[in-house]
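Some notes on the structure that comes next.
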Amino acid sequence: MKNILLYIQNELKSFSKTEIQLANYILKQPEKVINMSIKELAIKTGVSCATIVRFCKNIGIDGYSNFKIHLSSNIPSIKDKSYSEIEKNEDINLIIDKLELRLHYSVSGTKKLINKNILEECINILHNASQIQTFGIGASSLVASDIYQKFVRLGLPITFNLDYHIATTSLSVAKEGTIFIGISYSGNTKEILNLITLAKKRNLKTIIITSDSKSLCAKNADYVLLTEKSVEHTLRTAATISLITQLFVVDIIFFRYVSKYYDDIFENLKISKETLNTIRNQK
């Protein structure tokens, strides 16, 4: 059963005005809501009973009674506030609990979003690519770097540039059969969208790792790999969690590739490991 409070937080911006009004009250007073009838909650929040029923449906729950069951299952996190954002002078144990809860929620959510057919298609086109280029801005560049360092060990023809202008130049002269992998949590990063557009003009296949299936990058890319959405706060715990979910998706791609083409890449993996061991053992 999903953590309903984190789910409401993460989906807050997608709600209607009255639903946001209702959601904010639920987030602030979850223990009270558990003991309220639908009519009592409607009066307290200033919304109609129909709005509450519609809200429950929008978050994937059939009726208000079932919603309260979901909410009551989150009692431990409600009592210790582990679903809320990091606060001033917080105990380290509570910080650990909060991050653990968010991490578990986001990784579990990402697992459910993985489209195995699309993932398999991505594996196939990467295997047949004449070249792979990957790029990300800010924290997403760490994910692009991870893609590079993983696949270069397998002997795949992959490039990664930190500089947007160089990445653009590289993609503009890329040979036929090149695959572009973009990373954008929002799916609306201007630079990533520009690179996807450039790749399309050159008839190159594109993959986007994002949390928003309706974003501009997702609409323009050939293949979309989704991660769980996380609500952004001032302290940017969401940025930390989104980075981990993106790396989780990269690991799935990598290990599926290794498993599928094990015989083809085993020797390269062995050589790269032995080379690194030699370097580490040098005095």
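For what it's worth, our numbering labels the leading residue of the sequence shown as 872, then goes sequentially. By construction, the Cβ of each residue, glycine as well, lies at the ideal position given by its N, Cα and C atoms.
Assigned secondary structure, residue i (DSSP; H/G/I helix, E/B strand, else coil)
i       : result
Gly980  : helix
Gln1153 : coil
Thr1005 : strand
Thr1049 : strand
Thr916  : helix
Ile1029 : strand
Arg925  : helix
Asn1059 : coil
Ser1101 : coil
Asp951  : Note that Asp951 has pLDDT 49, beneath the 50 cutoff, so the model's placement of it is unreliable and no number is given.
Residue i: first and last residue of the uninterrupted beta strand (DSSP E) it sits in
i      : result
Ile891 : First-last for Ile891: 888-899, but that is the alpha helix (DSSP H), not the beta strand (DSSP E).
Alpha-carbon spacing of residue i relative to residue j, whole angstroms
i       : j       : result
Ser1143 : Asn988  : 30 Å
Thr1146 : Leu893  : 59 Å
Leu1097 : Phe1022 : 20 Å
Ile879  : Leu898  : 8 Å
Leu984  : Leu1118 : 15 Å
Ala1038 : Asn1139 : 26 Å
Ala1015 : Ser1113 : 14 Å
Glu890  : Lys1131 : 46 Å
Glu971  : Lys982  : 16 Å
Val1121 : Ile963  : 30 Å
Cross-strand partners of residue i (DSSP beta bridge)
i       : result
Val1095 : Ile1079
Ile1054 : Gly1007, Ile1080
Boundaries of the alpha helix (DSSP H) in which residue i is found, first to last residue
i       : result
Ile879  : 875-882
Thr1039 : 1035-1043
Ala1000 : Taken as a continuous stretch (DSSP letters only), Ala1000 belongs to no alpha helix (DSSP H), as it is neither H nor E.
Ile940  : 935-943
Short CB-CB distance (under 7 Å) between residue i and chain B
i      : result
Glu991 : No chain B appears in this structure, which consists of one protein chain only.
Open item on the list: Is it the case that the segment 1017-1032 contacts the segment 992-1009, given that we only count it when at least three CB pairs across the two stretches are under 8 Å?
Closed with: The count of Cβ pairs closer than 8 Å, one atom from the segment 992-1009 and one from the segment 1017-1032, reaches three, so the stretches are in contact.
Open item on the list: Does the contact criterion of 3 or more C-beta pairs under 8 Å hold for the segment 1039-1046 versus the segment 1079-1098?
Closed with: Of all C-beta pairs linking the segment 1039-1046 to the segment 1079-1098, fewer than three are shorter than 8 Å, placing the two stretches out of contact.
Task: Cβ contact (3+ pairs, closer than 8 Å) linking the segment 973-980 and the segment 902-917 - done: Taking a cut-off of 8 Å for Cβ pairs, the segment 973-980 and the segment 902-917 do not touch, as fewer than three such pairs fall below it.
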